[in-house]
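Before any comments, here is the structure.
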Amino acid sequence: MSDSEDMTEFASIVERIERGEVPIKNIERELICPICKELFTHPLILPCQHSICHKCVRELLMLNPDDSFDAGSECSLPGSPRSRVPSPSMERLDRLVRSGSISSPGWRRGSVTPRITTIHCPGCQHDIDLGERGISMLFRNFTLESIVERYRQAARAAVAIMCNICKPPQVQEATKSCMDCKASYCNECFKLHHPWGTPKAQHEYVGPTTNFRPKVLMCPEHEMEKVNMYCEVCRRPVCHLCKLGGSHANHKVTSMSSAYKILKEKLAKSIHFLISKEDQVRTQITDLEHLINQTEENGQLAEREANEHFERLFETLQERKSEMLRSIEQSRNRRLNHLKGQVEEYQGMLENSGLVGYAQEVLKETDQSCFVQTAKQLHVRIQKATESLRTFHPAADPCFDEFVLDTSKEETLLKEMCFGGVPDPPLIDLSHSRVYNEASISWRLSDDHLPTDHHVVEYRRLGAPSPSPSQEDVDDSSVWRATDRVYGPSAVVCDLEPNTLYAFRVRSCRNSMFSPYSPEVTLHTPPAPAFGFLFSDKCGFSAERLALNKRRDTVESVAGMAFLLAAERVQTGSYIGLDYIIGDTGISQGRYVNN
240 MSDSEDMTEF ASIVERIERG EVPIKNIERE LICPICKELF THPLILPCQH
290 SICHKCVREL LMLNPDDSFD AGSECSLPGS PRSRVPSPSM ERLDRLVRSG
340 SISSPGWRRG SVTPRITTIH CPGCQHDIDL GERGISMLFR NFTLESIVER
390 YRQAARAAVA IMCNICKPPQ VQEATKSCMD CKASYCNECF KLHHPWGTPK
440 AQHEYVGPTT NFRPKVLMCP EHEMEKVNMY CEVCRRPVCH LCKLGGSHAN
490 HKVTSMSSAY KILKEKLAKS IHFLISKEDQ VRTQITDLEH LINQTEENGQ
540 LAEREANEHF ERLFETLQER KSEMLRSIEQ SRNRRLNHLK GQVEEYQGML
590 ENSGLVGYAQ EVLKETDQSC FVQTAKQLHV RIQKATESLR TFHPAADPCF
640 DEFVLDTSKE ETLLKEMCFG GVPDPPLIDL SHSRVYNEAS ISWRLSDDHL
690 PTDHHVVEYR RLGAPSPSPS QEDVDDSSVW RATDRVYGPS AVVCDLEPNT
740 LYAFRVRSCR NSMFSPYSPE VTLHTPPAPA FGFLFSDKCG FSAERLALNK
790 RRDTVESVAG MAFLLAAERV QTGSYIGLDY IIGDTGISQG RYVNN
């Protein structure tokens, strides 16, 4: 991009901003000091490249205007505010001493003006060390200051800047301001005070403004030295003395014109990119607003569902409570009736104490036939009374042990019911997942995962669509099938079709709450059923050199006793031992396919 094209593009961007296509309200948000929440006043650039008002920096450093620890040189910071800042309280000083923010080694508690060189930047939330020179090392952000002044004037457009030379009552509105004289003039007064052919005619003038800044940015480290280079390491302007023997001696620097060109081009491209993405930003804002509405609706839905769940729990508990109280009431009445009946029975025994006297009188009967006639019935009554006294036990148990509830398990479940504790989605482990005639799917959970009750594996066919797919094929490829509950970190999926692409996903369940699904993985089944066999120990198998497991599906080579004994003897020739083992199934025909 040439210089002319660069300047043309940058000028068009600036014109767009000045025409108001970028709302002033949005720009003002960038012109607010993060400390005082007001428009910037004499902003200073911190080493972290964020800006803060001059007075706010002084307040953060707890400086008084009469302190020797002052801000900036008169060359680089003209017109610095001189507002008095109250002295800090001793309590805050003690806190700063304990935290190590006060860097002056000679400061004591009795000192009036402690030297504090560390401030907390609200922009990046970092502690910034300004060094021993403190505020005097900071550049004044003249560009930001000019933008703030322009928008201050735009905000008070009805209030014009008046000529500083005209005498009342004929004061005219200013048309330009001289940056060298630091005054505003109407046309007549400007011509009068800047006549042709005089040095004043060479003064720099701008539109009416109340913000007068120096024409040259001076180095804060070396008096009367103009900045003419840019340090790429510290990302700040420096003078030639800084490069020759100052703190930037070993840093990479570039000329100010080169830095100006590069940074201006980068800024123009960045602004152009942002402007070109305006439609995308508006779309994203619309999406975010939709998400806000969706979040509101889903939150209300979650509240309703939670209320419904708890209402059902309350109803179930209330039902069980009513049933138990009713059963207890019935059991209590039944037992009381039995016990009261027994009391009445024994009370009757006391009231019928005349039975004994009557029996004694019967014993006096001498007529045998008359005695037998009366004694039989009397003996039955006395025998019942005797048996009752001999085998006494209450008619009902006063304990209600069968109604004692053990709700510890339910209480534990309720306490473990964590509404924000939805388990994290598992992650399918492809390194341990295989697919042959069946698919073996393995997954793992995060290190800090919540306990899970079980897992569910789902899969569906993703076969290539045929030219005229049937409704059954369409439904089969879109419907997920689920396995039974899985209580481990792997599962086997059966009934897969050969030469077909399948998608698999897993989710976990805890307290009836399911996690999101894991990312889907796709696995392709073999073009034909996998050939399976077991090893046979009937032919070619030597137990001294081969170890076959009990399932006969793996075999390992081992060093047998004969091999170990042979190793002790000197070998007179060379030979290669051949160990082999065959399978229990043979292949009669087919063809080899090299994938």
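Mind the numbering: the sequence shown is residues 240 to 834 in our numbering, read in order.
Every residue, glycine too, gets a C-beta built ideally from N, C-alpha and C.
Secondary structure at residue i, three-state DSSP: helix, strand or coil?
i    : result
Y675 : coil
D366 : strand
M752 : strand
F743 : strand
T570 : For clarity, residue 570 is Ser in the given sequence; the question names Thr instead. Of the three classes helix, strand and coil, the one that applies to S570 here is helix, per DSSP.
F553 : helix
E462 : coil
I266 : helix
C609 : helix
S647 : helix
F772 : coil
F631 : coil
A721 : strand
L316 : Residue placement at L316 is flagged as unreliable, the pLDDT there being 38, under the threshold of 50; the coordinate-derived value follows with that caveat. Coil at L316, not helix or strand.
I621 : helix
C470 : strand
E736 : coil
Y726 : coil
V760 : strand
T374 : Looking at the sequence shown, residue 374 is not Thr but Ile. Residue state, collapsed to three classes: helix.
L787 : strand
G596 : helix
H293 : helix
Y814 : Caution applies to Y814, whose pLDDT of 44 falls short of 50 and renders its modelled position unreliable; the model cannot decide the point.
C481 : helix
W346 : Annotation note: pLDDT 40 at W346 (below 50); position unreliable, no value reported.
E697 : strand
Can you give me the C-alpha to C-alpha distance between residue i and residue j, rounded to a whole angstrom?
i    : j    : result
K415 : Y444 : 6 Å
R673 : S509 : 49 Å
K579 : T646 : 34 Å
C609 : V643 : 60 Å
S747 : L684 : 9 Å
M463 : C417 : 22 Å
D687 : R574 : 56 Å
L652 : S670 : 36 Å
C733 : R521 : 49 Å
I284 : S290 : 5 Å
M457 : M468 : 12 Å
C470 : S729 : 59 Å
C295 : G370 : 18 Å
W435 : N426 : 14 Å
Q612 : T625 : 21 Å
S757 : E795 : 37 Å
A635 : A541 : 52 Å
E568 : Q616 : 41 Å
S561 : L552 : 14 Å
A721 : S679 : 14 Å
I386 : H461 : 28 Å
F279 : P459 : 21 Å
E759 : R744 : 5 Å
P637 : R571 : 8 Å
I367 : C473 : 14 Å
V582 : H693 : 59 Å
T739 : T761 : 10 Å
K789 : S751 : 41 Å
F639 : N576 : 16 Å
Between residue i and chain B, is there a C-beta pair that is closer than 8 Å?
i    : result
R790 : Within the model displayed, chain B is absent; a lone protein chain is all it includes.
Any heavy atom of the ligand NAD inside 7 Å of the beta-carbon of residue i?
i    : result
C292 : Judged by which ligands are present, the structure shown has none, so any question about the ligand NAD falls away.
Who are the near neighbours of residue i in its chain, counting only those whose CB is closer than 6 Å to its CB and skipping five residues on each side?
i    : result
P755 : P664
R699 : W719, A742
I826 : none
H365 : none
Spatial neighbours of residue i within its chain, please: CB distance less than 8 Å, with the 5 preceding and 5 following residues excluded, ordered by chain position.
i    : result
I400 : Q392, E412, A413, S416, S423, P447, T448, T449
Grab me the residues of residue i's own chain with a C-beta within less than 7 Å of its C-beta, minus the 5 sequence neighbours each way, in chain order.
i    : result
P361 : P273, I274
P737 : T764, P765, P766, A767, P768
L773 : R791, D792, G822, D823
Quiz item: Are at least three pairs of beta-carbons, each pair with one atom in the stretch 402-417 and one in the stretch 480-489, less than 8 Å apart?
Solution: no
Quiz item: Counting pairs of beta carbons, one from the stretch 516-535 and one from the stretch 490-507, are three or more of them closer than 8 Å?
Solution: no
Practice problem: For the stretch 384-439, list the alpha helix (DSSP H) runs that are entirely contained and at least 4 residues long, ordered along the chain. | Solution: 426-432
Practice problem: Could you tell me which uninterrupted alpha helix (DSSP H) segments, each at least 4 residues in length, are contained entirely in the stretch 484-540, listed from first to last along the chain? | Solution: 495-515
Quiz item: Does the stretch 543-560 come close enough to the stretch 592-607 to have 3 or more Cβ pairs within less than 8 Å?
Solution: no
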